[in-house]
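Q: Have a look at the structure that comes next, please.
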Amino acid sequence: MQTFGKALAFAALASAAGAEEIGDAERGAKVFHQCTSCHQIGYGAEHRVGPHLNGVFGRAAAIFAEDYKYSKGLRREGENGLVWDFRTLDAYIENPKALVSGTRMNFRGIKNPEMRADLLAYMRSFSASPADIPEAQPTGVPREVELEPEILALVGDPEYGEYLASECSTCHQSSGGDDGIPSITQWPDEDFVVAMHAYKRKIRPHPVMQMMAGRLTDEEIAALAAYFKNLE
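With the first letter of the sequence shown counted as 1, position 140 gets the number 1537 in our numbering; the numbers rise by one all the way through.
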C-alpha cells in the first residue's frame, strides 16, 4: 500500500508542467505564509516545529537527524533513498501523508498545482544546487505576538504540565497523530508559548482555544510547553 500510495502521488504530477518552468517566486513568498507556523527559511532560519528549509533541494530526507527529531516514517524514507527535488517536494506538498506514511506533518496539502509551483520556485531560491545562486536575502517571519522577555524566559515544570495536559489530551493526541486536529507533541517550547498567548490575546481566532488559554497563567503555559516539548 505504501508503494501504491507513492505511485499515485507521483502519477498526479504527469499532467503538470515543471515547477522550475512555471513557478513565480514572488507569488510563492505569499504562499509560504501557510508554512511559517512550522518552518523557517532564509537567513538565520532554524528548526522549529518542522526543520528549516534552507538548501532543501537536492538533500536527502531526514538529513538533520542529529539535531531534529523526525517522524519514524520520514526517517524510514530517508534511509530508503528519498531525496527532495521538484518532483518529490511537489508530491509531498500536495499530500504529505500520501508520500510518507506516518509523517507528523499536520498539513492537508496544497491541491492547486500553480500555487505549488510558485511555492517551490520561492523555496528553490534558498537552495544553491544545481546552479550557483547568490545568498538569499533574509526572510523576516514576525511572531504572531511579541512577548515580554520575562515570559519567554520562564522555565516550565513538565510534571505540572502533565497534570494540566488532561484537557489538552481530550482533543490533541499525545502520540503525535493528526486526526483533523493538529498535533502539539514535541513542539519547541517557545513556539508553544507564543501560540498560546496568541489565543489568549484573541489574535488566533479559535473560540475554544481562546477560552482555554485565557484561563491559564504564564507559568501554566510554560509548564504545558515543557511537557509537550519532550513528550515521546
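We treat Cβ as the ideally placed atom computed from N, Cα and C, and that holds for glycine.
#1: Between the Cα of A1595 and the Cα atoms of H1430, F1504, Q1607, which residue gives the shortest distance?
#2: Using C-beta distances below 6 Å, list every residue in its chain close to N1479, excluding the 5 sequence neighbours before and after it, in chain order.
#3: Taking DSSP as the reference, what is the three-state secondary structure of A1457?
#4: N1451 and F1523 - do their beta-carbons sit closer together than 7 Å?
#5: Apart from the five residues just before and just after R1513, which ones in its own chain have a Cβ nearer than 6 Å to its Cβ?
#6: Which residues bound the alpha helix (DSSP H) around A1495?
#7: Out of D1554, S1434, E1556, K1427, point me to the one whose CA is closest to K1447's CA.
#8: Which same chain residues end up closer than 6 Å to A1622 when comparing Cβ atoms and leaving out the 5 residues on each side of it in sequence?
#9: Mind checking which residues open and close the alpha helix (DSSP H) that includes Y1440?
#10: If you draw a straight line from the C-alpha of A1550 to the C-alpha of Q1570, how long is it?
#11: Answer yes or no: the CB of D1487 versus the heavy atoms of the ligand SAM, is any distance below 6 Å?
#12: Ignore the nearest five residues each way along the sequence and tell me which others in E1476's own chain have a CB closer than 6 Å to its CB.
#13: Run through DSSP, which three-state label would V1446 get?
#14: Based on DSSP bridge pairs, tell me the residues matched to V1480.
#15: Please list, in chain order, all residues of the same chain as A1422 whose beta carbon is under 8 Å from its beta carbon, the five residues on each side excluded.
#16: Tell me whether A1514 sits in a helix, a strand or coil according to DSSP, three-state version.
#17: For the alpha helix (DSSP H) that contains H1594, what are its first and last residues?
#18: Following the continuous alpha helix (DSSP H) through I1548, name the residue where it begins and the one where it ends.
A: Well, looking at it:
#1: Along the sequence shown, one-based indexing puts residue 1595 at 198. For A1595, the nearest C-alpha among the options comes from Q1607.
#2: If you number the sequence shown from 1, residue 1479 lands on position 82. The residue asked about is misnamed: residue 1479 is Leu in this sequence, not Asn. Closer than 6 Å at the Cβ level, and outside the excluded window around L1479, lie A1458.
#3: If you number the sequence shown from 1, residue 1457 lands on position 60. Here A1457 sits in strand by DSSP.
#4: Here residue 1523 refers to the residue found at position 126 of the sequence shown. Here residue 1451 refers to the residue found at position 54 of the sequence shown. In this structure, F1523 places its C-beta atom within 7 Å of the C-beta atom of N1451.
#5: The residue you call residue 1513 lines up with position 116 of the sequence shown. Excluding its 5 nearest sequence neighbours in each direction, R1513 has C-beta neighbours in its own chain below 6 Å: D1487, I1490, I1507, listed in chain order.
#6: As a first step, residue 1495 is located in the sequence shown; it is residue number 98 there, counting from the start. 1493-1496 is the extent of the alpha helix (DSSP H) around A1495.
#7: Counted from its first residue, the sequence shown places residue 1447 at position 50. In the sequence as presented, Lys is not what sits at residue 1447; that position holds Gly. Nearest option by C-alpha distance: S1434.
#8: To locate residue 1622, count along the sequence shown from 1; it is residue 225. Sequence-distant partners of A1622 (beyond 5 residues in either direction) whose C-beta falls short of 6 Å from its own C-beta, in its chain, are G1553, D1586, F1589, V1590.
#9: Counted from its first residue, the sequence shown places residue 1440 at position 43. Where Y1440 is concerned, there is no enclosing alpha helix (DSSP H), because DSSP gives it neither an H nor an E.
#10: Your numbering for residue 1550 matches position 153 in the sequence shown. Your numbering for residue 1570 matches position 173 in the sequence shown. If you take the alpha carbons of A1550 and Q1570, they lie about 27 Å apart.
#11: Although the ligand SAM was asked about, the structure shown includes no ligands whatsoever.
#12: Stepping through the sequence shown from its first residue, residue 1476 is reached at position 79. The same chain holds no residue with a CB closer than 6 Å to that of E1476 once the five nearest residues on each side in sequence are set aside.
#13: Residue numbering aside, residue 1446 sits at position 49 when the sequence shown is read from its first letter. Reduced to three states, the DSSP call for V1446 is coil.
#14: Counted from its first residue, the sequence shown places residue 1480 at position 83. DSSP lists A1457 as partners of V1480.
#15: Taking the sequence shown and counting its residues from 1, the one referred to as residue 1422 is at position 25. Within the same chain, A1422 has close Cβ partners D1515, A1518, Y1519, R1521, S1522.
#16: Start at 1 with the first residue of the sequence shown, and residue 1514 comes out as number 117. Here A1514 sits in helix by DSSP.
#17: Residue numbering aside, residue 1594 sits at position 197 when the sequence shown is read from its first letter. From DSSP, the alpha helix (DSSP H) with H1594 extends over 1586-1597.
#18: Position 151 of the sequence shown, counted from the first residue, corresponds to residue 1548. In the DSSP assignment, I1548 falls within the alpha helix (DSSP H) that extends over 1546-1549.
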